[in-house]
Each structure stands twice: as C-alpha cells, then as structure tokens.
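Numbering of the sequence shown is given in our numbering, commencing with residue 318 and proceeding in unit increments. Beta carbons are placed, not taken as given, at the ideal position from N, Cα and C, and that holds for glycine. Since the structure is predicted, the reported quantities are computational estimates derived from the model, not experimental observations. Accompanying notes for the structure given below.
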Amino acid sequence: MISYREGRMFLKPDKVNTAPADPKAAAAAATAGVKAEFRRWTLADGKTFNAALQDKKDAESQAVFRFQDGKIAPLAYDKLSDTDLDIVKKWSKLRDDLAKNPEFRTLTVKELLELRNYQSFDYRPSGNHILIDGKVKEHKATFLIDTGAHGCVLHIDYAKSAGLEIGPMDQLIYGIGGTAPAALTQVPEMRIGEAVIQNREVLSADLFKDSGAVGGKGEYDALFGADFLRELDAVISYKEARMFLRPEISDKPDAKPGEEAKKPAGPTAPSKPAAGPAPAPADKKPAADAEKKTAETKETEKK
318 MISYREGRMF LKPDKVNTAP ADPKAAAAAA TAGVKAEFRR WTLADGKTFN
368 AALQDKKDAE SQAVFRFQDG KIAPLAYDKL SDTDLDIVKK WSKLRDDLAK
418 NPEFRTLTVK ELLELRNYQS FDYRPSGNHI LIDGKVKEHK ATFLIDTGAH
468 GCVLHIDYAK SAGLEIGPMD QLIYGIGGTA PAALTQVPEM RIGEAVIQNR
518 EVLSADLFKD SGAVGGKGEY DALFGADFLR ELDAVISYKE ARMFLRPEIS
568 DKPDAKPGEE AKKPAGPTAP SKPAAGPAPA PADKKPAADA EKKTAETKET
618 EKK
C-alpha cells in the first residue's frame, strides 16, 4: 500500500511465506502481531521487572505500568534503559487497544479509510498500469495513475477534443525515452468521483508518439501524476485493487472551511518575460525646471 499523505509505503512481511495449512497454526499466525501484555522491562541500573505498559504521560515524562498482582505504578522515563525507553515513547494506547481487538484486526483498508471520509475506487489493472475513470470538464476520461510522474499530462488529441485552451508546443516533458514537446493547457475542471480539481494549468503532449498505438491513441487519455495524488491524500491498496482520495479537501464547493487543498503553482516550465513595449524613459524636464527655479531663488536672495 502507498500513502501519499504520509509519504510511506507499507508491506506485509508475514505474507512472504505461504500461509500454514494447519488451522491451529493459521490461527496462531493471525494473532502473531498481538504482543504479549506482560513483558520483562529493564531499568537504567540493569535491574528488571515484569509488567504491562498501561498508559504514559509524556508531559510528566512518566510511564504507567500494571503489575501481575493488579497494582498500578508510574515510573519516570529516566529510570528505564535506553532500549525500553524507546519502546515506551513509540507506544500508543489507542494503537495498543485496537491491536488487541480481534474485530479491528479484520477490517480492510477500505473500511478503515472510509471511516476517515475517503472515497474509494476500483481501479482497472492493465499490465503494470493502474487505470481510473474520471472527467475533464464534461468529457469522460481514463486516467493512468502514474506515481513516477511529477505532474498531470493530457494526451494532446484528447485535450483538443475536450475543447481545452492549449498554448504553443514550446515546453518539454521528460521520460525514459527522452524528451518530447508539450504545451501549457488550461483545465477548468478535472474530476475523479467526488474529488474535484479546478482551474489548473497542466501540460499536453503526444503520449503515444513512439508507442505504435493504432491511430495514435492508447488506452488512457491522461497521466494523473504525483502532484494531484499528494494534494488529494491518495492511498493505493494493491491487495484490494483500490485507490482512495479525500473529496473533502479537493476544490469541490462544499469542501470544509480551512481544509481546501493547496493548489500547486502549475507545471514547471521556463519562465518567460512578459511581452509588450519597454517602459518609456522618465521625463527629465520637470527636474531640470526645478533646478532652474532653485538657482533663480538663490540669486534673488543675494541681491
């Protein structure tokens, strides 16, 4: 799974080996991630004790332990060994409670993220590609989710058919095959599900020039790149073949106040000086007249 919000990729190492056929072994494997409640802790002076970490008070630099006889006792952070102090600092009561809940451990990524107002989409795998349906203005579009692309790029023929405002082909895009000419293109609205991106400047190029695609058209109309994936807090789950976006932080009119997505400045392109005549030189006559009057005043005062 890939999370653009957190800039992280998640893997499940326990899936590397084949699942055990024995039901008892399978049940044990399913609960392997739940850590034993009681463990041996080591103090800074080398002494040890058995207890369960029940809570912590970071503001007071204290960990709260529960012993096997039921007694509760706080312990200052500086009393713990460095290794165990690191465990305490990384420990979360909420995460610990959830991890011990069998029902929580069976939730899918879809169920977890939809609790946080994500919208999910089934994507269509095509080879190693991820394809998602959406719209540009009112025109249907198929987006290739390109995690390696910096920004969004439309296929030039699609941009023309959608009636978009396209500039001259004076930009460049870079890929594995080298460079290709591109044009700055104004997009009034782009939509995937309920997530909306409005009034952006992207690039258009011939995405299938060297692909040998029949008629110069491939199986997608645009590359949906990392800039918009980050902006919409995208999550991609390969296990569930789903992509998740957060419509509430998009440009949709009912986005929550203060949560509107930050809009990128647009595709990186060489800046060009504004066209137009050079400013006229400043008129020096008024300054000369002022100097003349000052000289005449001084001459009068001398007389």
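C-alpha gap between residue i and residue j, whole angstroms
{"i": "Lys477", "j": "Ala497", "result": "18 Å"}
{"i": "His446", "j": "Asp403", "result": "41 Å"}
{"i": "Ser554", "j": "Gly387", "result": "42 Å"}
{"i": "Arg547", "j": "Gly324", "result": "9 Å"}
{"i": "Lys417", "j": "Glu354", "result": "9 Å"}
{"i": "Lys454", "j": "Glu482", "result": "12 Å"}
{"i": "Leu549", "j": "Gln385", "result": "47 Å"}
{"i": "Phe421", "j": "Asp414", "result": "10 Å"}
{"i": "Ser437", "j": "Ile462", "result": "14 Å"}
{"i": "Pro587", "j": "Gln488", "result": "Reliability fails at Pro587, whose pLDDT of 36 lies under 50, so the model's placement of it is uncertain and no value is given."}
{"i": "Thr423", "j": "Leu432", "result": "15 Å"}
Proximal residues to residue i (C-beta, below 7 Å), its chain only, five neighbours per side dropped
{"i": "Val621", "result": "Here the chain covers residues 318 to 620 and nothing more, so residue 621 does not appear."}
Selection from the options that minimises the alpha carbon distance to residue i
{"i": "Pro485", "options": "Thr423, Ser521 and Asp474", "result": "Ser521"}
{"i": "Leu430", "options": "Phe561, Ile490, Asp523 and Pro330", "result": "Phe561"}
{"i": "Arg517", "options": "Lys526, Phe525, Leu524 and Met507", "result": "Met507"}
{"i": "Leu540", "options": "Leu432, Asp399 and Leu448", "result": "Leu448"}
{"i": "Lys329", "options": "Lys569, Pro570, Asp568 and Lys556", "result": "Lys556"}
{"i": "Lys410", "options": "Ala390, Arg433, Leu370 and Lys396", "result": "Leu370"}
{"i": "Ser624", "options": "Ala466, Leu397 and Arg412", "result": "Nothing about residue 624 can be read from this structure; the chain reaches only from 318 to 620."}
{"i": "Lys526", "options": "Gly492, Gly363, Lys364 and Ile509", "result": "Gly492"}
{"i": "Lys452", "options": "Thr359, Ala390, Val405 and Gly510", "result": "Gly510"}
{"i": "Ala466", "options": "Asp544, Arg356 and Asp372", "result": "Asp544"}
{"i": "Trp408", "options": "Ile389, Arg356, Asp372 and Lys364", "result": "Asp372"}
Pair within 8 Å by beta-carbon distance, residue i and residue j
{"i": "Ala500", "j": "Pro564", "result": "no"}
{"i": "Thr464", "j": "Ile566", "result": "no"}
{"i": "Gly535", "j": "Leu524", "result": "yes"}
{"i": "Arg559", "j": "Lys374", "result": "no"}
{"i": "Ala376", "j": "Tyr394", "result": "no"}
{"i": "Arg383", "j": "Ala361", "result": "no"}
{"i": "Asp568", "j": "Ile514", "result": "yes"}
{"i": "Trp358", "j": "Asp399", "result": "no"}
Residues of its chain near residue i, where Cβ-Cβ distance is below 6 Å and the 5 sequence neighbours each way are ignored
{"i": "His456", "result": "Ala479"}
{"i": "Phe538", "result": "Looking at the sequence shown, residue 538 is not Phe but Asp. These residues qualify, in order along the chain: Ala458, Thr459, His472 and Tyr475."}
{"i": "Tyr321", "result": "Leu546, Arg547 and Ala551"}
{"i": "Phe327", "result": "Met318"}
{"i": "Tyr435", "result": "Phe561 and Arg563"}
Neighbourhood of residue i by C-beta distance below 8 Å, restricted to the same chain and skipping five residues each side
{"i": "Gly495", "result": "none"}
{"i": "Thr425", "result": "Glu557"}
Cβ-heavy atom distance, residue i to the ligand ATP, below 7 Å
{"i": "Met486", "result": "The ligand ATP is absent from the structure shown, which contains no ligands of any kind."}
**Q.** Segments assigned beta strand (DSSP E), at least 3 residues, entirely inside the segment 394 to 454
**A.** If we require 3 residues or more, the beta strand (DSSP E) runs fully inside the segment 394 to 454 come out as 436 to 439, 441 to 443 and 446 to 453.
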